[in-house]
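Numbering (my numbering), first residue to last: 6 to 956. A short write-up of the structure that comes next.
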């Protein structure tokens with residue numbers, strides 16, 4: 006029921022309410038999210054948001070399985086094994102965990118299964134009335150004889166309570182969770198409302214003629230296993246007779262009439278009600294004596310409510326009001342601020358220690374409060390504080406310590422339809438982080454108005470004793486990293502290991518990487534698409550494999566896509582052990598059918614890739630005859646021309662191998678006679694000075710950088726492998742998911758593969774296959790007066806034995822630089838910024854253990870390019886033009902391959918518990934280039950759910 010409606014209804018008649026809530030163990034809290042005001046967005050949700058596509062259960066038996074499913078299915082998955090009456094634990098798609106704790110139960114165990122609480126009442130076959138689904142077996146009387154009998158029975162086992170009625174009861178009128186016994190006395194109705202943990206019972210005395218009959222009220226009470234003790238303030242404490250533990254309380258009752266204050270708030274004209282507990286043992290009587298003067302007063306507006314409330318439970322919240330000496334801990338309201346005509350009020354909510362999040366890294370925590378009333382719709386500030394604990398003895402005069410203010414909000418809701426009652430979420434991350442470190446069994450949050458003299462700041466929130474919408478904390482926390490590497494980076498490691506064994510020119514290595522990572526992407530994308538079109542990673546590269554009916558396991562799909570491609574490209578290597586090791590890390594919660602479906606998807610993705618690359622030119626035996634003409638490349642002792650036909654390879658993303666051919670050397674030299682130009686002389690003399698093996702002009706840092714970037718030798722992961730390693734380093738630093746890596750690694754792989762084609766097209770298929778600096782400097786044949794030969798010159802580049810060498814292919818353009826430029830541009834397009842700092846590694850045997858830190862991707866690419874000059878194997882223009890042409894190829898691929906999903910209008914993606922979780926997933930989808938934009942819209946004001954929509 007809506008809380009404000011409930012209050013208005015209660016104040017429409019004289020009532021004698023009695024709330025009895027049996028013991029309900031409260032779990033630990035869980036927190037997190039800042040909620041949006043959904044009142045303006047509800048229509049938009051209805052316009053565009055159909056139920057999000059989903060397949061498979063959003064629940065798993067244990068945390069490990071839930072985390073795996075959440076990552077694979079891109080939605081929150083509940084950990085069933087962690088359920089309690091009050092708490093729910095979820096694994097989030099980003100690898101974090103969230104736990105919410107409600108102040109009262111939301112479910113209970115029955116017949117070995119969890120059952121959601123449903124307090125709506127229905128007739129039983131024996132004529133009695135029962136709640137449809139109640140944790141304490143709530144049962145109400147049907148029609149009775151003149152002697153009356155048990156009106157309400159609640160509880161099982163050690164704690165059972167029965168409240169009686171003296172007199173005949175008519176058959177009740179049922180509506181939702183309310184049973185009305187009409188005219189049990191003249192002009193008086195008896196009403197019982199079911200709540201999640203018990204019930205509320207009150208008399209409705211309809212007019213002044215019934216006041217005399219309400220002068221004394223006696224209600225029989227049977228309390229099995231309980232001892233009732235009346236306190237000095239007229240309240241009553243119930244304790245377990247066996248353990249002496251306090252399990253319930255009955256605050257001193259009050260009464261109020263039907264008048265409203267200036268702001269329209271009811272229950273403001275109040276008076277005391279005397280209460281005595283009579284009897285011994287389990288058979289008791291509650292004897293209530295309302296204030297006779299209040300009942301007789303002319304200004305008393307009937308009906309009048311007389312309110313003794315009994316509460317049984319371990320949850321606790323309370324309020325204090327200046328000038329009020331009553332215990333307010335059993336109220337269904339949490340008042341905050343100064344009520345018109347009265348003094349200021351403050352409220353406190355207790356939360357037990359959360360052992361689930363204790364010691365964890367808290368990422369986000371939010372307090373959920375349901376606002377049932379505000380004295381206006383004008384925003385008025387109120388504060389949340391970390392306070393000491395309260396008790397039934399807490400009053401305005403003895404409040405606990407207000408330690409520190411943790412949050413301030415101006416959300417003001419509940420006054421009128423313009424600012425109707427709804428949930429308010431407030432960020433309390435800092436507070437819960439402190440709680441997670443503290444060794445306290447219980448913690449408390451205090452709520453107060455910022456300006457306690459402003460009557461427009463008065464608000465009421467639902468308490469933990471309310472029939473619904475009690476306070477809760479939602480906490481999102483980090484969990485230790487899964488020791489199992491994600492399967493994309495696992496197979497990237499396997500690929501690099503293959504590079505070390507295969508060796509050779511970088512072009513074929515880059516092709517193998519593009520084939521493997523491209524197949525992985527299509528496999529992962531197909532596995533995601535099986536959950537619905539909105540869950541796709543984007544457009545397929547070659548194929549989108551249809552699901553067989555079972556949800557394919559994404560890791561199985563990745564494993565078999567990579568395995569089948571690698572053993573096709575490198576038949577001389579055996580990858581069986583690598584496949585077995587990968588398969589062994591798949592969580593036990595993944596079913597055999599899901600593994601099989603994933604395996605099929607991966608195999609089909611690999612088959613499509615292998616077929617597409619048949620006859621792509623990779624096996625071409627293009628002949629190449631070196632020239633002895635000045636300027637033309639000739640072998641330098643490191644081998645014959647390597648892969649001279651690689652510039653004819655079928656591109657992975659470009660339209661042709663010449664699409665991004667760099668500027669001609671004649672253009673760069675400013676003359677058709679390149680070797681005679683001043684620019685050529687400048688280029689040669691630069692590398693002659695800085696690139697020689699024993700250069701005195703090259704700094705120590707330049708020497709280190711040159712060797713760091715080399716990786717020309719077989720046995721290393723070569724230039725493509727080094728750049729794949731950088732991708733993995735940045736991915737790990739940024740905490741990317743397996744789905745993000747599937748797309749990112751495919752993008753960088755395609756960019757580098759096509760960069761190899763661009764570079765080799767320039768090396769072998771342009772007018773001048775430019776000789777290496779080693780040849781240009783040693784030989785006297787360029788006819789340029791600005792250069793002089795040095796037959797003893799050697800480049801810094803060297804093998805493991807210290808033998809200096811130049812790579813066996815023409816100089817223009819640099820393959821290293823073209824690969825590096827393509828990689829940097831692909832990374833920039835993925836992360837939407839060039840300014841990402843990372844620390845890079847190398848495998849060159851002459852730079853063992855060296856790391857270098859870069860402040861941007863382009864800074865790394867530029868150093869890679871100039872490093873080839875310092876290494877003595879390239880001219881400066883080889884690097885600058887290589888970076889440029891490689892970057893152009895990568896930019897084209899990023900714009901045209903694996904495009905984002907698109908939709909003309911908003912499409913519902915998922916429903917999440919709160920705005921924080923919704924926003925986190927939305928940002929992830931945009932960051933992973935799956936959708937271009939997102940929005941989170943409140944589903945309804947009755948809970949904190951938000952629909953994530955994308956387009």
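Built from N, CA and C at the ideal position, the CB exists for glycine as well.
- In the structure shown, residue 152 falls within a coil segment according to DSSP collapsed to helix, strand and coil.
- Membership of residue 482 in the beta strand (DSSP E) is indicated by the continuous run 477 to 483.
- The closest CA to that of residue 760, considering only 494, 889, 369, is found on 889.
- Judged by beta-carbon spacing, residue 652 lies within the 8 Å limit of residue 769, meaning their Cβ atoms are closer than that value.
- Annotated as proximal: residue 811 and residue 641, with beta-carbon spacing under 8 Å.
- Shown here, residue 505 sits in a helix according to DSSP, grouped into three states.
- Cβ contact annotation for residue 282 (same chain, cutoff 7 Å, sequence separation greater than five): 233, 235, 241, 289, 291, in chain order.
- Taken through DSSP and simplified to helix, strand or coil, residue 429 comes out as strand.
- 8 Å or more divides the Cβ of residue 578 from the Cβ of residue 564.
- With 16 or more other CB atoms across the displayed protein chains lying within 10 angstroms of its CB, residue 638 is buried.
- Cβ-Cβ distances below 8 Å link residue 366 to 482, 483 in the same chain, with the five nearest sequence neighbours on each side left out; the list follows chain order.
- In the three-state reduction of the DSSP assignment, residue 570 falls in the helix class.
- Assignment of residue 798 by DSSP, reduced to helix, strand and coil, places it in the coil class.
- Note on geometry: alpha-carbon atoms of residue 506 and residue 593 lie some 34 Å from one another.
- Distance from the CA of residue 307 to the CA of residue 943, rounded to the nearest whole angstrom, comes to 40 Å.
- Residue pairing by DSSP places residue 186 opposite 195 in a beta bridge.
- Pairing residue 514 with residue 725, the inter-Cα distance amounts to about 7 Å.
- Within the same chain, Cβ atoms closer than 7 Å to the Cβ of residue 497 are found at 729, 733, 750, the five residues on either side in sequence being excluded.
- By the neighbour-count definition (other C-beta atoms within 10 Å, threshold 16), residue 104 is a buried residue.
- For residue 80, the closest C-alpha among the options 946, 955, 917 is that of 917.
- Shown here for residue 279: same chain residues with a beta carbon closer than 6 Å to its own, the five before and five after excluded, namely 294 in chain order.
- Between the segment 320 to 338 and the segment 470 to 477, the count of Cβ pairs shorter than 8 Å is three or higher; the stretches touch.
- With a contact defined as Cβ atoms closer than 8 Å, residue 550 and residue 610 qualify at about 6 Å.
- Look at residue 605 here: in three-state DSSP terms it is helix.
- The beta carbons of residue 252 and residue 355 sit no closer together than 8 Å.
- Approximately 4 Å separates the beta-carbon atoms of residue 466 and residue 374; this is inside 8 Å, confirming the contact.
- In this structure, residue 200 keeps its C-beta atom at 8 Å or more from the C-beta atom of residue 194.
- Fully enclosed beta strand (DSSP E) runs of no fewer than 3 residues are not present anywhere in the segment 723 to 777.
- Within the same chain, 625, 627 come within 6 Å of residue 650 by CB-CB distance, once the 5 residues on both sides are set aside.
- By a beta-carbon distance limit of 8 Å, residue 679 contacts residue 773. Their separation comes to about 6 Å.
- Cβ neighbours of residue 600 within its own chain (closer than 7 Å, five residues either side excluded): 558, 561, 591.
- Straight-line measurement puts the Cα of residue 166 at about 7 Å from the Cα of residue 226.
- At a Cβ-Cβ threshold of 8 Å, residue 951 and residue 743 do not count as neighbours.
- Cβ atoms of residue 173 and residue 202 stay farther apart than 8 Å, at about 29 Å.
- For residue 689, the enclosing alpha helix (DSSP H) covers residues 683 to 695.
- Assignment of beta-bridge partners to residue 859 by DSSP yields 843.
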